[in-house]
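Each remark here refers to the structure printed beneath this line.
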Amino acid sequence: MRLFGTQDLGNNLDQLQNRISLLFALLAGFLMIFLGLSDLVIGLDPFIIKAKFFFAIPYLVGFWVMWRYGYFQQIIQVMIFVGLILVAINYINNEGYQGPTFYTIFIFIVGIGILIKGWPKIAWLLFTFMLYSLLFYGEVHGWFIVPQHYPDLESLYWDHLITIWWTGLFSFLGIQIFLKNYRAQNDSLRLIQIERELAMKELDSLNTKKNQLIALLSHDLKNPIGMLGQTLELADKGLFEEGEMEGILKNLKNQSYHLSGVLNNTLNWVLAELEDKELETEKVSLYKFTDEMKEGMLSQAVVKNQTIEFKKSGNDLNIELEASEIQIILKNLLDNAIKFTPVGGEIEFELICSEKEVKWIVKNEGKEIPQKEEITLFDFKVKTTYGTLREKGTGIGLPLCKKIADKLAMELGFSRTDSGKNSFFLTKNLA
């Protein structure tokens, strides 16, 4: 069923006016039938009774046409015109200004005010006032004679009373129906607005998340790719001795494996974030897992003649871990340690295992982080930094690692050792 036909209804006010137009036409049609029956009971002129029954037809036909095909504004204006013709006929045959016809002006005012759009609204309102004024003026000045149809004042009283009731109720119901639909429409619009705002927030969140993940991906791949490129460039220039090539090729192989691992881990995290999926876990040996992380980062440390000392405390545990995500965090901590440790320096990579928790600690010597900057280490902000060999950083690695750690319900933090070294730790509760 097409409530509004095939016409394009435009904005929401148009839709509301169209719904009210349908109700107005239906009520007006039944009202004509009711008035014809009431006049029949009172005993008025049969011509008036037949006229009211006849004029019910245009309203009911108009309702069907609007419901089936649309053309709301055109049909409703035709109905107003038909109604005004009926008013003129009824005025002359219903006691003129002494009869109840004048009450119907309120129906037309309400109908025109609610249903007509644009400049025709003013035109119909002026036409209505002029018609009633001319009828009244014409009767007073004898332009036409109004015959007397009421047998007594009692009949005139009842016709006035009935007309007051139906015109008042018709106007009241018309306004109430409009207000009810208007409120319902506003409620729907508010819900739509809320849904739109939620969708926009979700879109902003996804956009922010996308930007963060792209930054994470580029951040994690920047150094491995840079190292790989530097090594190939040195080899291409023939700066390595013939006996060194075997070691160089082995180093390139290790770098490619490391680069592939970084890429896979970061892409897995990116996909999990974008699709909002549960993170996958795998059972690992903590000793083996941590040692592989150290070995993977050695190729970067060797370039600066650095060493990574792996320390372990407690018994080895085989537990379920979000291995890919933890590797991303530890890789970034080690990467930063390599970047800011002087050439020939030492980096401590410690694993502490217990029944209650697992803790990784990365310590490095070098320039201390100012105390005022410690509280903003994990805040998202673009801040260019340079390592001991002018390695460029963006300052977004730690905030992204913090985001991953929070999702894993792990603690990522910073402290300074008694000897003045910078110390980052990652803790996972097992209890």
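Taking the numbering used here, the leading residue of the sequence shown gets -13, the next gets one more, and so forth. Even for Gly, the Cβ is constructed at its ideal location relative to N, Cα and C. None of the values given here were measured: they were computed from a predicted structure.
So who's on the other strand from residue i, going by DSSP bridges?
i    : result
E140 : Paired residue(s): none; E140 is not in a bridge.
F399 : The sequence shown places Gly at residue 399, rather than the Phe named in the question. Looking at the DSSP assignment, G399 forms a beta bridge with F411.
S119 : Partner(s): none; S119 has no beta bridge.
K269 : E306
Give me the Cα-Cα distance between residue i and residue j, rounded to the nearest whole angstrom.
i     : j    : result
G383  : N318 : 7 angstroms
Y57   : L111 : 21 angstroms
V73   : T87  : 7 angstroms
L307  : P385 : 21 angstroms
K103  : H135 : 39 angstroms
G29   : I75  : 18 angstroms
K358  : V329 : 27 angstroms
V472  : G82  : Nothing can be reported for residue 472: it is not among the residues displayed for the chain, which extend from -13 to 417.
I100  : F164 : 8 angstroms
F10   : A37  : 20 angstroms
K274  : W346 : 13 angstroms
L268  : T276 : One detail in the question is off: residue 268 reads as Glu in this sequence, not Leu. Using only the alpha carbons, I get a separation of about 14 angstroms.
E425  : E278 : Because the chain spans -13 through 417 in this model, residue 425 falls outside it and cannot be assessed.
D404  : T413 : 20 angstroms
A417  : P356 : 35 angstroms
I315  : N291 : 23 angstroms
K388  : R176 : 37 angstroms
Q179  : N172 : 10 angstroms
I312  : E397 : 11 angstroms
G122  : P137 : Residue 122 is actually Phe in this sequence, not Gly. Roughly 23 angstroms between the two C-alpha positions.
V68   : I43  : 11 angstroms
M52   : Q84  : 36 angstroms
G331  : E264 : 40 angstroms
Q(-7) : Y55  : The pLDDT assigned to Q(-7) is 37, lower than 50, so where the model puts this residue is not dependable, and the model offers no usable value.
D145  : N80  : 10 angstroms
D0    : R169 : 15 angstroms
E360  : N350 : 16 angstroms
G406  : V348 : 13 angstroms
I161  : R5   : 13 angstroms
K297  : E181 : 53 angstroms
G(-9) : K166 : Bear in mind that the predicted position of G(-9) carries a pLDDT of just 38, short of 50, making it unreliable; the figure below should be weighed with that in mind. Between G(-9) and K166, the C-alpha separation is close to 22 angstroms.
I108  : G128 : 30 angstroms
D321  : D302 : 25 angstroms
R402  : S174 : 57 angstroms
V289  : E183 : 51 angstroms
Identify, in the order they occur along the chain, each residue of the same chain with its Cβ nearer than 6 angstroms to the Cβ of residue i, setting aside the five sequence neighbours on each side.
i      : result
G399   : F411
L363   : L384 and F400
V270   : L307 and A309
T114   : F94
N415   : E343
L(-11) : Because L(-11) sits at a pLDDT of 39, beneath the cut-off of 50, its placement in the model cannot be relied upon, and the following sentence gives the value as read from the coordinates. For L(-11), where only same-chain residues beyond five positions count, there are no Cβ hits under 6 angstroms.
I62    : S7 and L101
A287   : I294 and I324
A14    : Y45
Cutting at 7 angstroms between CB atoms, please list the residues of its own chain near residue i, excluding the five before and the five after it.
i     : result
L17   : W152 and F156
F24   : Contrary to the premise, residue 24 reads as Ser rather than Phe in this sequence. Once the five neighbours on either side are set aside, the close Cβ partners of S24 are I148.
V27   : none
Y118  : F88 and I91
I66   : F94, G97, I98 and W110
G300  : I338, C339 and S340
P106  : Q63
K353  : F326
G(-4) : Residue confidence is low: G(-4) scores 40 on pLDDT, short of 50, so the model does not pin down where it sits. No coordinate-derived value is stated.
I78   : F130 and V132
Could you pull out every residue in the same chain whose Cβ sits closer than 8 angstroms to the Cβ of residue i, ignoring the five residues on either side in sequence?
i    : result
L12  : Y45, L46 and F49
N304 : K269, V270, S271 and L272
F39  : M18, I19 and G22
Q3   : F58, I100, L101 and K103
V126 : Y83
I150 : P86 and Y89
L70  : F94, F113, T114 and L117
Closer than 7 angstroms: is that where the CB of residue i sits relative to any heavy atom of the ligand NAD?
i    : result
H135 : In the structure on display, the ligand NAD does not appear, and there are no ligands present to speak of.
Check your understanding: Okay, do the stretch 92 to 109 and the stretch 153 to 163 touch, 3+ Cβ pairs below 8 angstroms being the bar?
Key -> yes
**Study point:** Contained alpha helix (DSSP H) runs [length at least 4] in the stretch 278 to 366, N- to C-terminal order
**Key:** Listed in chain order, they are 309 to 326 and 357 to 360.
Exercise for review: Determine, using beta-carbon pairs with one atom in the stretch 331 to 342 and one in the stretch 387 to 398, whether at least three such pairs fall under 8 angstroms.
Suggested key: no
**Study point:** Touch test, the stretch 15 to 33 against the stretch 178 to 187, Cβ-Cβ under 8 angstroms, three pairs minimum
**Key:** Contact fails: fewer than three Cβ-Cβ distances are below 8 angstroms.
**Study point:** Segments assigned alpha helix (DSSP H), at least 4 residues, entirely inside the stretch 19 to 71
**Key:** Listed in chain order, they are 32 to 55.
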